[in-house]
Amino acid sequence: MRHYSIRTEDTYVDWARRFILFHGKRHPLQMGPAEVAAFLTHLAVQRHVASATQNQARSALLFLYRVVLEVELPWLDEVVAANGKRRLPVVLTPGEVRSLLHELSGPMGLVASLLYGTGMRLLEGLRLRVKDVGLERRELLVRDGKGGKDRVTVLPENLLLPLQQQMAHAKALHDRDLADGGGAVWLPDALAVKYPSAPRAWGWQWVFPSATRSADPRSGAVRRHHLNEASVQKAVAGAARRAAIDKPCSPHVLRHSFATHLLQAGYDIRTVQELLGHSDVSTTMIYTHVLNRGGRGVRSPLDQIGPAAMPIHGGPRRDISPPRCAYPRVPCGLFPSAETRFMLRRLLTLIALSTTLALPQVGHAQTTEVAGVKFPNTMQVGATRLQLNGAGIRYKVIFKVYAAGLYLRDKAGTPEAVLASPGPRHLQIVMLRDIDAHELGKLFTKGMEDNAPRDEFSKSIPGILRMSDIFSAHKKLVAGESFAIEWVLGSGTVIYIDGKPAGEPIKEPEFYSALMKIWLGKSPADAQLKEALLGRAASPSGGRAYN
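Residue numbering for the sequence shown follows my numbering, beginning at 3 and increasing consecutively.
Take a look at the structure:
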C-alpha cells in the first residue's frame with residue numbers, strides 16, 4: 003500500500019498493536035483523538051522515548067486512522083512532545099577501526115570495510131548490485147538510498163581485489179541457481195514486468211547474496227535475497243568486544259567514522275555531503291565537531307603546573323606549593339589602603355558601566371520608518387558613529403517576514419564595498435511576524451551555502467554551529483523582537499538578541515563575509531531587500547524597501 007517498504011509496513015503494524023494493547027485491546031474505531039494523544043503522551047512522559055520515536059508512532063497512528071479506517075483525526079495539540087536532543091555521533095579512531103576490521107573476515111569483514119571505506123549505510127551496502135560496482139572508475143553507484151535518492155561514492159583501491167573475489171563467489175551461486183531453474187532476483191517497481199529477463203541477468207544480482215533461499219513475504223516467490231543486516235550487526239558487535247572497544251559500536255558507526263576522518267584529513271564539507279548523500283549541508287555539519295578545537299585546542303592548567311600535581315596511587319599526595327622563598331617579600335607599604343581599594347572599585351564599576359553603554363546606541367533625533375519599524379539614521383558602536391546605509395523588508399511570497407537596516411561608517415553601494423568598509427558594521431533585524439528560531443537558523447545556513455565559495459563556507463563552519471546553537475536556544479522569534487549582527491575589527495562577529503550579546507564573538511572573518519552574503523550575495527534572500535540595504539532602492543512609495 004502506497005509503495006511503503008516492507009520495514010515501514012512492519013513498523014506501522016507494530017505501533018498499531020502497541021496502541022491497541024495500551025488501551026486494553028479496544029478496537030481503534032471505538033477510540034479517537036483523546037486516546038491517540040494519551041498514548042503519544044505516555045511514550046514521552048513514562049517511556050521517555052526520543053522525539054523521532056514519538057513522531058514515528060504518530061505517523062503510524064495517523065496512517066491507521068486516515069488510510070485504513072478512513073477516519074480523519076484533528077490536529078493533536080494536547081500531546082506532550084518528547085525531548086529532541088542533539089547528540090554527537092559515536093566515532094572510532096583510525097586505530098580502533100583497524101582493530102575492529104582485524105577481528106572480522108569473509109563477507110562480514112568486507113561489508114564492514116565497505117561501510118567505512120565508502121560511507122554507505124548498512125542496507126545500501128547489502129543492496130549493492132553487480133551492475134553498480136565500477137571497478138575501473140573506482141566508484142560505487144548507490145541506488146535508492148535514504149529518501150529514494152541515487153548517488154556516487156568512492157570505491158577504495160584496497161577493496162578492489164576482495165570485491166572481485168566476492169563477486170566471483172556470487173557468480174558461482176547464481177550459476178548454480180540458474181542450473182536449478184531459479185536464479186531470479188527481486189527487482190523494484192515494475193522493472194520485472196518491463197524487462198522479463200532482467201531478474202535472471204547477472205548484472206542485477208546482489209553482490210552479497212544470502213547463503214540460503216527464502217520466500218518473499220509479499221509474493222511468496224522463493225528467491226535468493228541479500229545478506230541479513232542483523233547478521234552484520236551481530237558480527238560487528240562481536241568484533242568490537244574482541245577488539246576491546248568500549249564505545250557503542252554498530253555498522254552505522256563506521257559511516258560516522260568515514261565522514262569524520264575525511265573532514266579531519268582536510269576534505270571539503272560539500273564533498274563529504276555528496277558522498278554521504280545528505281540533501282542539506284546542515285546534516286553533514288554534525289560531523290564538524292572535529293573542526294572545532296574544543297578541549298584538544300586548550301591546554302589544561304593542570305598540565306601547566308607539571309606532573310608534581312598528580313597524586314600517587316596508594317601514596318600521599320605530593321605537596322605542589324612552591325617554596326616560600328620563591329616569592330619575594332613585598333613591603334606592607336606597597337599594599338593599597340582601604341580608601342584606595344574603595345576608589346579602585348568605583349573606578350572599575352565606572353569602566354564596566356561605560357563598556358555596557360558602548361553597546362550599539364541609537365540616536366532618536368531622526369529615524370527612517372520601514373513597515374512600522376523606526377530605524378535611527380545614526381548609531382554609536384564603541385567610539386565610531388555609524389550611519390544608516392539602507393533599510394528594507396524581507397518578503398516571503400507576499401508576507402512580510404522582517405525589516406532590516408544596515409549601518410556603516412561610510413556609505414557603500416556594492417556588496418564588495420560593504421565587506422571592505424572600515425570600522426564596525428551593524429545589521430539590525432526586527433521581526434514582523436512570528437517564526438521558529440531554529441528554522442530561521444537553518445534558512446541562514448542554506449543562504450550561506452548558496453552564496454559563499456566552498457573554502458569560505460568551510461572556514462565558516464565553527465561560526466555556523468555557534469549561530470545554530472544561539473537560535474536553537476531561543477525557540478521562537480516573535481513579531482517585534484529584534485536581533486543584530488555586528489562586526490568589529492579585531493573582535494569578530496557578535497550576534498545580539500534584543501540588544502543583548504548572545505555569547506562570545508565569532509572571530510573567523512569568513513563567517514561574517516558568508517553571513518552577509520545571505521542578503522548581499524549573488525542569490526540573496528530577497529533581491530529588493532539587497533538593493534534597499536545598499537541604498538539603491540526606490541522611493542518609499544514603492545512599498546517594498548526604503549533608504
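Here a beta-carbon is modelled for each residue, glycine too, at the ideal position from N, C-alpha and C.
Rounded separation between residue i and residue j - CA only
{"i": "residue 527", "j": "residue 273", "result": "25 Å"}
{"i": "residue 207", "j": "residue 216", "result": "15 Å"}
{"i": "residue 231", "j": "residue 124", "result": "7 Å"}
{"i": "residue 510", "j": "residue 494", "result": "7 Å"}
{"i": "residue 143", "j": "residue 120", "result": "11 Å"}
{"i": "residue 464", "j": "residue 191", "result": "43 Å"}
{"i": "residue 259", "j": "residue 267", "result": "12 Å"}
{"i": "residue 162", "j": "residue 244", "result": "27 Å"}
{"i": "residue 365", "j": "residue 378", "result": "The predicted model places residue 365 with a pLDDT of 40, which falls under 50 and marks its position as unreliable; any figure quoted below should be read in that light. Near 6 Å, if we compare the C-alpha coordinates of residue 378 and residue 365."}
{"i": "residue 47", "j": "residue 26", "result": "19 Å"}
{"i": "residue 280", "j": "residue 380", "result": "44 Å"}
{"i": "residue 536", "j": "residue 414", "result": "6 Å"}
{"i": "residue 439", "j": "residue 54", "result": "20 Å"}
{"i": "residue 226", "j": "residue 133", "result": "17 Å"}
{"i": "residue 176", "j": "residue 212", "result": "11 Å"}
{"i": "residue 75", "j": "residue 148", "result": "29 Å"}
{"i": "residue 22", "j": "residue 229", "result": "34 Å"}
{"i": "residue 393", "j": "residue 538", "result": "10 Å"}
{"i": "residue 455", "j": "residue 420", "result": "18 Å"}
{"i": "residue 94", "j": "residue 503", "result": "37 Å"}
{"i": "residue 529", "j": "residue 400", "result": "14 Å"}
{"i": "residue 287", "j": "residue 12", "result": "32 Å"}
{"i": "residue 491", "j": "residue 98", "result": "43 Å"}
{"i": "residue 185", "j": "residue 170", "result": "15 Å"}
{"i": "residue 501", "j": "residue 383", "result": "12 Å"}
Selection from the options that minimises the alpha carbon distance to residue i
{"i": "residue 289", "options": "23, 262, 65", "result": "262"}
{"i": "residue 224", "options": "400, 368, 187, 473", "result": "187"}
{"i": "residue 388", "options": "237, 66, 280, 488", "result": "488"}
{"i": "residue 282", "options": "179, 446, 392", "result": "446"}
{"i": "residue 241", "options": "220, 110, 134, 264", "result": "110"}
{"i": "residue 203", "options": "210, 180, 212", "result": "180"}
{"i": "residue 81", "options": "384, 287, 60", "result": "60"}
{"i": "residue 482", "options": "524, 472, 437", "result": "437"}
{"i": "residue 476", "options": "212, 442, 491", "result": "442"}
{"i": "residue 107", "options": "164, 26, 135", "result": "164"}
{"i": "residue 8", "options": "220, 486, 23", "result": "220"}
{"i": "residue 376", "options": "433, 418, 514, 383", "result": "433"}
{"i": "residue 506", "options": "531, 500, 484, 472", "result": "472"}
{"i": "residue 32", "options": "42, 383, 73", "result": "73"}
{"i": "residue 158", "options": "56, 189, 496, 114", "result": "114"}
{"i": "residue 474", "options": "499, 11, 43, 98", "result": "499"}
{"i": "residue 247", "options": "126, 102, 174", "result": "102"}
{"i": "residue 29", "options": "277, 116, 71", "result": "71"}
{"i": "residue 166", "options": "398, 183, 140", "result": "140"}
Cβ-based neighbour list, residue i, same chain, cut-off 8 Å, excluding 5 preceding and 5 following
{"i": "residue 450", "result": "459, 462, 466, 516, 517, 519, 520"}
{"i": "residue 235", "result": "124, 252, 253"}
{"i": "residue 478", "result": "436, 437, 438, 439"}
Status (buried if at least 16 other CB within 10 Å, exposed otherwise) for residue i
{"i": "residue 412", "result": "exposed"}
{"i": "residue 118", "result": "buried"}
{"i": "residue 172", "result": "buried"}
{"i": "residue 453", "result": "buried"}
{"i": "residue 391", "result": "buried"}
{"i": "residue 168", "result": "buried"}
{"i": "residue 49", "result": "exposed"}
{"i": "residue 486", "result": "buried"}
{"i": "residue 104", "result": "exposed"}
{"i": "residue 138", "result": "exposed"}
{"i": "residue 89", "result": "exposed"}
{"i": "residue 385", "result": "exposed"}
{"i": "residue 178", "result": "exposed"}
Same chain, Cβ closer than 6 Å to residue i, neighbours up to 5 away in sequence not counted
{"i": "residue 62", "result": "14, 17"}
{"i": "residue 545", "result": "For residue 545, the predicted model reports a pLDDT of 40, less than 50, meaning its position is unreliable and no value from the coordinates is stated."}
{"i": "residue 130", "result": "209"}
{"i": "residue 480", "result": "436"}
{"i": "residue 417", "result": "522"}
{"i": "residue 470", "result": "443"}
{"i": "residue 512", "result": "458, 461, 462"}
Contact set for residue i: own chain, Cβ-Cβ below 7 Å, skip 5 residues either direction
{"i": "residue 444", "result": "284"}
{"i": "residue 525", "result": "452, 453"}
{"i": "residue 200", "result": "189, 193, 194, 206"}
At least three beta-carbon pairs within less than 8 Å, the segment 65-77 to the segment 16-34:
yes
Report yes or no: do three or more beta-carbon pairs, one from the segment 26-41 and one from the segment 146-161, lie closer than 8 Å?
no
Would you be able to state if there are at least three C-beta pairs under 8 Å between the segment 401-416 and the segment 429-438?
Output reads yes: the segment 401-416 touches the segment 429-438.
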